[in-house]
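Visitor: Just dropping this structure here.
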Amino acid sequence: MKRLVLLVVFLLFISPVNADFSEENAKSWLSNRIVWSQAPIEELSFSTIVLNSQTGLSQLNIKKNSLTSTKDVSLAALALKHMNQDIDDQLNYIDDSLKAATSFNENEWIIQTVVNEDGNCNIEYEGGSHRVTFNEEGKITSGGEDSWITFNKLNGFEFDKALEKIDIECDFTSTPRISIIKKIGNSIYIIEEKFSSTANFEIENGCYATNPTSACDKTSTFYASWVLNKLGKELTTKNYMRDNADTDIDYAILSDIDDSQLSQLASRQKQDGSFDSKVYETSFAFDALKNPDYSDERNEAKAWVEDQQNENGMIGTGIKDTAVSLYLIYGNEIDLGDDEGDLSNGCTLDSDCPSNYFCNTELRTCELLEEETCNNNNACESNLNENYLSCNDCFCGDEICDSEEDAISCSSDCIEPESVPICGNFECEIGENNFNCPNDCPSTGGGEESDEICGDGICSLNEDCPIDCEAREGGSLWWLWLIIIIVILGGAAFFILRKIKKDRGEDNENPPYLKPRMPTNYPQPTMKSSIRKHPKDEALESELDRSIKEAQDLLKKK
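So the sequence shown is numbered by the numbering used here: it starts at 733 and just counts up by one.
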C-alpha cells in the first residue's frame, strides 16, 4: 500500500514538469530543423511568418513566380503579406482561378415573397426577366407556386458566374419579406433576406480551381477562401463550402469564415480536447473558436496541442504541425502588415541577412549572393567566380577551365591542345584512366577496391604505369644522387682501409730475431730512401679518385 501511495505522489510530482510548454523551444526547434530551400510551400510559408525569417522570405521570392497550385499561391500570399511584400500578382492568380460551381441545381434555389395582399413583382436578371402575380391572400397565381418561385422558372437564367445578381421590384402597399432560400434535402437555408418592396441580391456560387485552366477543386476553394478572409477580402464561395464541408479541417476553415457554423465545429471536438486527434486540425479549430461562447472548447483545444510538444520542442509530428500551431495559437501578436507597403520589417543592411545572402535595399529582402555571380551572357568568366556548378554560362567544353573543373573531370578544357590524350594509342596519358580509357590504362589488380589503376594519379606498389610513376618533368632527384655518392665513397673508403690494415699485418708476421742483420763493423752509407706503394693500393686510390670525379660531375649537371 505504501508503494502505491509513493507511486501516486511521484506521478503527481512529475506531471507538471512533463506538461510544461515552451513557445521558445518550439521556435528554436523549428529554426534548427527547417531546410528553407527544400521546404514545401506550406511549411515555408508558416515558418517564415512565425520566425519572421528573411531567409524564408528570400526563398518565397525565389519560388513565388513558379507556383502552379492555388493553395500554394494563397499560402505564399499570406506569408508575403505578413512580411510586408506586394501580393498583387498572387491575388490576380487566385482571382483567375475563381469559377462558378457546376454542381448547382436550379431546383434547390428559391425566391420566397411573403405578403398579405395582391400585387405584382418583377424579377430581373442577366438574360431576361420574370413577372409574378399575387392574389389578396399573398398566394402566387402565375409565375410560381404558393409563395415560392424556383429558379428553374426564370427563363433564360443561367447560374454560370461566381456571383449572380437578381433584382426584385414589387408594387405592394405594405412591406413584403423577400428571401433567397437554398434547399438541400429536407433542410432549408436562408441565404439572404430583406424587408423591402425593392431587393437587390448577390448570390454567391463561386469556387476555386487548382489553377486558372481547371475546374472547381474543394481543397483549393477552402484554403484560398481562408487566406482571402484573413486578408480581409470579399468571398463568393461560402455556399460551395457549406455544401462540401465534411471533415474537421473543412468545418474549422468554414467556421473561421462563417461563425454560424461554429456549433457544427464544436460538436466534432473529442473528449480529450482535440479535433481528429491531430495538431494541424486542432490548431485550425482553435483559431476559429474565437466566439466567447466557445471559450471552454478553445482552451481545451490549446491544452491538448501543448501536450503534444516533446522534450526537443517539436509540436506534433514535425515541421508543419509546429509551424501551423505556433501561427494559429500563438500568432496573435503577428501583424499582417499594412496596405501602404511599409517594409519596416525587411532588411536594411547585408548584416541583417544570413551568410551567402545580401540585402536588396530596394525591396528590403535578402537574396542569394550566388545569383549575382552569373550574368547569363553566354560567356564563362572565371574571374567573376563563375563556374559550371553555379552558372549556366559555364560547361565542360567551353574552353575555360573554371574553378570546379580539372584534367580528370573535363580534359577538353583543362589540358593544353598539344597534350590532349588520345584514347586508343596504347599509352596511358594525363587525363586518361581505367574508367574513361580502359584500353590505354588497364587495371592491374584483381578487381578489388585496391586495384592499381593506371591514370588515377597514384603510383601503387608494383604498378607499371609511366603516367603515375615516372618523375614529373622538371622534378629534381638531387637527394637520390647524393645518397648514391655517399654509399660509393663509403664503400671505397672501407675497402682501402681494410687493405692497408691487411698489408701492415703481413709485415708483423716475422719475429725480430729472424730478420737479417747488418754487420756492425761495417757502417753503411746514408742514402735517401723512397717509399713505394703496393700496386693494389695504387689501383684502389685511382678507383676512388675516379668515383669522386664522377660524383662531382653529376652534381655540377644538376
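Heads up, the beta-carbon is just placed ideally off N, CA and C, and yes, glycines get one too.
1) By the DSSP assignment, the alpha helix (DSSP H) with residue 826 in it spans what residues?
2) Between residue 805 and chain D, is any beta-carbon pair separated by less than 8 Å?
3) Where residue 1044 and residue 1063 are concerned, what is the direct C-alpha to C-alpha distance, given to the nearest angstrom?
4) Can you look up residue 899 in the DSSP assignment and give me helix, strand or coil?
5) If you measure between the beta carbons of residue 923 and residue 843, is that distance less than 8 Å?
6) If contacts are defined as beta-carbon pairs under 8 Å, then residue 810 and residue 959 qualify, I think. What distance do you get, rounded to the angstrom?
7) Cutting at 8 Å between CB atoms, please list the residues of its own chain near residue 892, excluding the five before and the five after it.
8) Once you ignore the five residues that flank residue 871 on each side, which residues in its own chain have a CB closer than 8 Å to its CB?
9) Given a threshold of 16 other Cβ atoms within 10 Å of its Cβ, counted over all protein chains shown, does residue 774 qualify as buried or as exposed?
10) Between the alpha carbons of residue 993 and residue 794, how many angstroms are there, rounded?
11) Among the residues of its own chain, which have a CB less than 8 Å from the CB of residue 855, if the five just before and after it don't count?
12) Does the Cβ of residue 1119 have 16 or more other Cβ atoms within 10 Å, making it buried, or fewer, making it exposed?
13) Examine the Cβ distances between the region 999-1006 and the region 1045-1055 and report whether three or more of them are shorter than 8 Å.
14) Pairing CB atoms from the region 797-808 with CB atoms from the region 771-789, are three or more of them under 8 Å?
15) Going by other Cβ atoms of all chains shown within 10 Å of its Cβ, with 16 needed for buried, is residue 1091 buried or exposed?
16) Identify every residue that forms a DSSP beta bridge with residue 948.
17) Can you look up residue 1123 in the DSSP assignment and give me helix, strand or coil?
18) If we ignore side chains and look at the alpha-carbon of each, how far apart do residue 998 and residue 915 end up?
19) With DSSP as the reference, label residue 866 as helix, strand or coil.
20) Do residue 866 and residue 846 have their C-beta atoms within less than 8 Å of each other?
21) State the DSSP-derived secondary structure class of residue 791, mapped to helix, strand or coil.
22) Is residue 882 near the ligand GDP - that is, is its Cβ less than 7 Å away from at least one heavy atom of it?
23) What residues in its chain sit with their C-beta under 6 Å from that of residue 1204, if we drop five residues either side in the sequence?
24) Spatial neighbours of residue 945 within its chain, please: CB distance less than 8 Å, with the 5 preceding and 5 following residues excluded, ordered by chain position.
25) Can you tell which of 943, 1029, 1220 has the C-alpha that lies nearest to the C-alpha of residue 806?
26) Over the uninterrupted beta strand (DSSP E) stretch that includes residue 873, give me the two end residues.
27) Pick helix, strand or coil for residue 884, following the three-state DSSP scheme.
28) If you check the beta carbons only, do residue 980 and residue 1000 fall under 8 Å apart?
29) Here's the rule: buried if 16 or more other CB atoms are within 10 angstroms of the residue's CB, otherwise exposed. What is residue 762?
30) Rounding to the nearest angstrom, what Cα-Cα distance links residue 1223 and residue 1144 in this structure?
31) Tell whether a beta-carbon distance below 8 Å holds between residue 1126 and residue 1134.
32) Distance, Cα to Cα, residue 1110 vs residue 1172?
33) If you follow the beta strand (DSSP E) that residue 933 is in, where does it begin and where does it stop?
34) Who are residue 857's beta bridge partners in DSSP?
35) If you compare alpha carbons, which of 1230, 1124, 907 is closest to residue 930?
36) Could you pull the start and end residues of the beta strand (DSSP E) that residue 926 belongs to?
Guide: This is what the structure holds:
1) 820-828
2) No chain D appears in this structure, which consists of one protein chain only.
3) 21 Å
4) In the structure shown, residue 899 sits in a strand (DSSP, three-state: E or B).
5) no
6) 5 Å
7) Shown here for residue 892: same chain residues with a beta carbon closer than 8 Å to its own, the five before and five after excluded, namely 832 in chain order.
8) 878, 879
9) Answer is buried; the Cβ neighbour count reaches 16.
10) 38 Å
11) 843, 861, 862, 863, 864, 881, 886, 898, 899, 900
12) buried
13) The region 999-1006 vs the region 1045-1055: no contact.
14) yes
15) Flag for residue 1091 reads buried.
16) According to DSSP, residue 948 bridges with 941.
17) coil
18) The straight-line gap from Cα to Cα measures roughly 24 Å.
19) strand
20) no
21) The answer is helix: DSSP assigns residue 791 an H, G or I state.
22) In the structure shown, the ligand GDP is absent, as is every other ligand, since no ligand is present at all.
23) With a pLDDT of 44 at residue 1204, under the threshold of 50, the modelled position of this residue cannot be trusted; read the value that follows with caution. The beta carbon of residue 1204 sits closer than 6 Å to no other beta carbon from its chain once the five residues preceding and following it are set aside.
24) none
25) 943
26) 872-874
27) helix
28) yes
29) Here residue 762 is buried: its Cβ has 16 or more other Cβ atoms, across all protein chains shown, within 10 Å.
30) 52 Å
31) yes
32) 36 Å
33) Per DSSP, residue 933 belongs to the beta strand (DSSP E) from 930-936.
34) 860, 898
35) 907
36) Unbroken beta strand (DSSP E) run through residue 926: 919-927.
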